[in-house]
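Remarks on the structure that follows.
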Amino acid sequence: AKTKEQRAKTKEQRAKTKEQRAKTKEQRAKTKEQRAKTKEQRHLVVSGW
Numbered sequence: 000a001k002t003k004e005q006r007a008k009t010k011e012q013r014a015k016t017k018e019q020r021a022k023t024k025e026q027r028a029k030t031k032e033q034r035a036k037t038k039e040q041r042h043l044v045v046s047g048w
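Sequential numbering from 0 applies to the sequence shown in the working numbering.
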């Protein structure tokens, strides 16, 4: 049987992992947005705007 302490640690670890995952997801979304903007700008330059 796991002690209360161990259980608390596991819970904390899980929360940290979840947070990390959320951060990564956010970062990925930002990168994607940035890429889309760059692509758009390049397109404007190419079409002579």
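Here a beta-carbon is modelled for each residue, glycine too, at the ideal position from N, C-alpha and C.
Given the structure is predicted, the values throughout are model-derived calculations rather than measurements.
Does the beta carbon of residue i come closer than 8 angstroms to any beta carbon on chain B?
i	result
residue 26	Among the chains of the structure shown, chain B does not appear; only one protein chain is present.
For residue i, name the three-state secondary structure that DSSP assigns.
i	result
residue 14	helix
residue 8	helix
residue 2	coil
Excluding sequence positions up to five away, which residues of its chain have a Cβ less than 8 angstroms from the Cβ of residue i?
i	result
residue 8	none
residue 17	none
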